[in-house]
Amino acid sequence: MDVSRGVIERLVENEVDTVFGVPGTQTLPLNEAIETRDDIRFVMARHETAVTHQAWGYAETSGRPAATVVVPGPGDMNAMNGLKNAFNDCTPLLHLAVETEPEIRGGDGIHETPPDTYDTVVKTNVLVERPESTAVVLEEAIATAETPPKGPVRVGIPKNFLTMDVPLATPATYSRESVVGVADADVTAAAEVLAAAEQPVIVAGGGVRAAAASDELRRIADRLGAPAVTTYKGKGVLPDGPDGYVAGTLAGSAAPELLACLADADAALAVGTDFDAVATRDWSVDVPDSLVHVTLEPDDLGTGYEPTVGIVADATVALSALETALDDRAVAAGDDAVERASAVRQATSDRVAELRTSSPPLPSVSALEAVREAVPREAIVTVDAGGFRVWGLTVFEAAGPRSYVNPGSWATMGTGLPSGIGAQFANPDDDVVVLTGDGGLMMCVHELHTAVAEDVPLTVVVFVNEDYAIISDDADRNYGLEAGEYGWPDAPIDFVALAESLGLRAERAATPAEIQSRLAAAIDADEPVVLAVPTDPHEPQASDWMRDYSNN
Numbered sequence: 001m002d003v004s005r006g007v008i009e010r011l012v013e014n015e016v017d018t019v020f021g022v023p024g025t026q027t028l029p030l031n032e033a034i035e036t037r038d039d040i041r042f043v044m045a046r047h048e049t050a051v052t053h054q055a056w057g058y059a060e061t062s063g064r065p066a067a068t069v070v071v072p073g074p075g076d077m078n079a080m081n082g083l084k085n086a087f088n089d090c091t092p093l094l095h096l097a098v099e100t101e102p103e104i105r106g107g108d109g110i111h112e113t114p115p116d117t118y119d120t121v122v123k124t125n126v127l128v129e130r131p132e133s134t135a136v137v138l139e140e141a142i143a144t145a146e147t148p149p150k151g152p153v154r155v156g157i158p159k160n161f162l163t164m165d166v167p168l169a170t171p172a173t174y175s176r177e178s179v180v181g182v183a184d185a186d187v188t189a190a191a192e193v194l195a196a197a198e199q200p201v202i203v204a205g206g207g208v209r210a211a212a213a214s215d216e217l218r219r220i221a222d223r224l225g226a227p228a229v230t231t232y233k234g235k236g237v238l239p240d241g242p243d244g245y246v247a248g249t250l251a252g253s254a255a256p257e258l259l260a261c262l263a264d265a266d267a268a269l270a271v272g273t274d275f276d277a278v279a280t281r282d283w284s285v286d287v288p289d290s291l292v293h294v295t296l297e298p299d300d301l302g303t304g305y306e307p308t309v310g311i312v313a314d315a316t317v318a319l320s321a322l323e324t325a326l327d328d329r330a331v332a333a334g335d336d337a338v339e340r341a342s343a344v345r346q347a348t349s350d351r352v353a354e355l356r357t358s359s360p361p362l363p364s365v366s367a368l369e370a371v372r373e374a375v376p377r378e379a380i381v382t383v384d385a386g387g388f389r390v391w392g393l394t395v396f397e398a399a400g401p402r403s404y405v406n407p408g409s410w411a412t413m414g415t416g417l418p419s420g421i422g423a424q425f426a427n428p429d430d431d432v433v434v435l436t437g438d439g440g441l442m443m444c445v446h447e448l449h450t451a452v453a454e455d456v457p458l459t460v461v462v463f464v465n466e467d468y469a470i471i472s473d474d475a476d477r478n479y480g481l482e483a484g485e486y487g488w489p490d491a492p493i494d495f496v497a498l499a500e501s502l503g504l505r506a507e508r509a510a511t512p513a514e515i516q517s518r519l520a521a522a523i524d525a526d527e528p529v530v531l532a533v534p535t536d537p538h539e540p541q542a543s544d545w546m547r548d549y550s551n552n
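Each residue of the sequence shown is one higher than the one before, starting from 1 at the first, in full-length UniProt numbering.
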């Protein structure tokens with residue numbers, strides 16, 4: 001069989017129905033193979049950096065991997081940013097890289113880079129060494145990407161292999177299981193620690209989403225009487241908002257009351273989190289000494305915090321076993337988990353009350369809360385990195401485990417729009433809303449044209465403060481540079497005109513009322529729309545405000 005057709009057949013057999021990429025002469029055999037089928041599509045981006053972010057957004061909102069395809073060298077290196085982002089977030093995707101021909105390798109052929117260049121940004125990096133083995137290598141790679149802890153896998157296929165007609169070896173069936181079951185002794189020990197706690201707390205990470213364990217987590221929270229604190233990647237695994245178990249998100253904008261909820265607890269159940277340095281502020285956040293830590297990665301145990309009981313297991317399996325163990329035990333905690341969570345949320349709300357205003361330019365708090373009012377709860381929201389995101393982790397309510405997408409510890413800017421495009425392809429019947437800053441959007445602004453060309457009916461909200469405000473604030477506060485050092489008010493960008501020039505409908509909204517009415521209309525439109533919202537470049541940064549609020 002023609003190798004390129006064998007590659008696409010293998011994708012389809014594994015229910016991969018979308019390939020994001022930028023075509024090049026090296027990839028054309030694969031593109032041709034895609035065009036001969038109606039069960040897989042090729043989405044053409046405008047830059048390779050966006051390609052892997054699109055696949056990341058697709059997988060984050062669906063749980064299913066997409067594929068990416070790029071040319072060697074520059075294409076691959078541009079895509080590395082998104083591969084690393086997906087790797088840190090344990091997001092499955094299959095990255096097809098067309099490699100330099102074996103006989104040319106080492107001779108500085110066009111776009112040539114050593115294949116091992118990419119080893120550290122993916123879960124596994126494999127190279128097809130013989131054309132006959134292509135389908136087998138690809139099948140194993142897809143299984144690896146989908147095996148928890150999931151992640152991106154890069155498959156290098158030499159350019160000259162793609163056009164060969166050779167007998168392809170038939171792949172075996174590869175298991176997607178990693179850690180199976182959970183040790184009874186560990187579950188028993190964990191149940192004893194948690195049942196004895198009078199004020200337990202839960203720390204929930206992205207592993208809960210990956211394992212589809214939200215229902216199990218909610219039942220455990222109810223059984224223990226424990227409020228939940230989510231990480232960056234855990235936001236949404238239980239819905240934010242009134243009458244819920246979520247006290248808030250462990251971020252730079254976390255209120256002292258949220259940190260106290262953790263520090264004052266007498267036991268914690270951490271599940272699906274690696275306690276990374278970003279969420280824990282370099283492990284300076286206090287966590288109870290009595291700690292049950294559930295993770296799929298053995299190396300996570302003891303990173304920053306020493307667990308009383310460490311459990312290496314899938315979140316669903318571990319939580320289900322823990323629920324059974326708790327059924328046989330009296331639990332010391334009361335049934336005030338919702339009240340404890342509500343008290344923290346109220347304290348957080350009180351801290352930002354002064355930042356709620358209707359006078360333009362709006363603080364991020366006002367703009368984000370107005371957006372939340374207009375966006376349907378069932379919509380998918382993809383969020384770029386930037387100052388507004390830090391505020392959003394605290395004041396923007398996430399409604400479900402795959403309804404809120406934001407980068408984790410990699411924290412790369414320029415993800416919001418491409419991940420929204422990926423999310424819309426994965427969820428064609430759902431509303432998708434992108435939240436981005438003007439700095440982040442300018443790092444991927446070319447993908448507005450992709451949205452038009454591919455007829456992607458998402459809504460892009462861009463918060464415009466004409467500044468890399470977090471950087472300018474730090475430069476002014478700590479380095480003696482001028483306020484607004486890295487702003488561009490003298491070279492403003494008209495995002496309405498820019499979007500319209502690319503074929504999008506676009507509007508401005510300067511007040512909360514305008515945001516709500518115009519955003520609601522944009523979401524109802526069956527076309528891509530940009531809504532530009534001016535925000536205050538001089539607003540306080542979230543971490544500073546929440547820390548120093550009592551002194552304001």
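For every residue, glycine included, the Cβ atom is placed at its ideal position computed from N, Cα and C.
When burial is assigned at 16 or more other CB atoms within 10 Å of the CB, is A221 buried or exposed? buried
Could you check what DSSP says for Y118 in three-state terms: helix, strand or coil? helix
So, are the CB atoms of E379 and V433 less than 8 Å apart? Per the sequence shown, the amino acid found at residue 379 is Ala instead of Glu. Yes, these two residues count as a Cβ contact at 8 Å.
Thinking C-beta only, is T49 closer than 8 Å to N14? no
Do L168 and M1 have their C-beta atoms within less than 8 Å of each other? yes
Buried/exposed call for D314, threshold 16 Cβ in 10 Å: buried
Using DSSP bridges, identify the partner residues of N478. DSSP output for N478 lists no bridge partner at all.
L296 to G205 span [Cα, whole Å]: 12 Å
Distance, H47 Cα to V98 Cα: 16 Å
Cα-Cα, which of V22, G57, A59 is closest to F42? V22
How about I311 and A190: do their beta carbons lie closer than 8 Å? yes
If you reduce the DSSP assignment to three classes, tell me which class M44 lands in. strand
On the premise that S62 lies in contact with A33, defined as a C-beta separation below 8 Å, what is that separation, rounded to the nearest angstrom? Not a contact, Cβ separation roughly 23 Å.
Which whole-angstrom value describes the C-beta separation of V12 and D39, a residue pair presumed to lie in contact below a C-beta threshold of 8 Å? 5 Å
Taking C-beta to C-beta, are D266 and Q199 nearer than 8 Å? yes
Which complete beta strand (DSSP E) runs does the segment 455 to 507 hold, if anything under 3 residues is left out? 459 to 464
Looking at G207: is its Cβ nearer than 8 Å to the Cβ of V166? no
Determine the extent of the alpha helix (DSSP H) in which R64 is found, giving its start and end residues. Taken as a continuous stretch (DSSP letters only), R64 belongs to no alpha helix (DSSP H), as it is neither H nor E.
For A195 and G334, the rounded distance between their alpha carbons: 11 Å
Which residues mark the beginning and the end of the beta strand (DSSP E) in which G156 is found? 152 to 158
How many Å lie between S253 and W391 at the Cα? 6 Å
Just tell me which of T382, P537, R329, T535 has its CA closest to the CA of V460. T382
Other residues of its chain near V128: CB distance less than 6 Å, five sequence neighbours each side excluded: T134, V137, I157
Could you check what DSSP says for G181 in three-state terms: helix, strand or coil? coil
Report yes or no: do the segment 142 to 160 and the segment 113 to 126 share at least 3 C-beta pairs separated by less than 8 Å? yes
Given a threshold of 16 other Cβ atoms within 10 Å of its Cβ, counted over all protein chains shown, does P428 qualify as buried or as exposed? exposed
On the DSSP bridge assignment, give the partners of D2 in chain order. D165
For G484 and S364, I'd like the C-alpha separation in whole angstroms. 17 Å
Candidates A367, T308, K84, R351: closest to T357 by CA position: A367
Is it true that the CB of L322 sits closer than 8 Å to the CB of V187? yes
Taking T144 as the reference, which of G503, F161, T173 has the closest Cα? T173
Nearest by alpha-carbon distance to R345: which of I142, E146, T230 is it? T230
Quick one: what's got a C-beta closer than 6 Å to P407's C-beta in the same chain, skipping five residues either side? N85, A385, T415
Going by C-alpha to C-alpha distance, which of R209, R377, A491 sits closest to D431? R377
Coil, strand or helix - Y174 by DSSP: coil
According to DSSP, is I202 helix, strand or coil? strand
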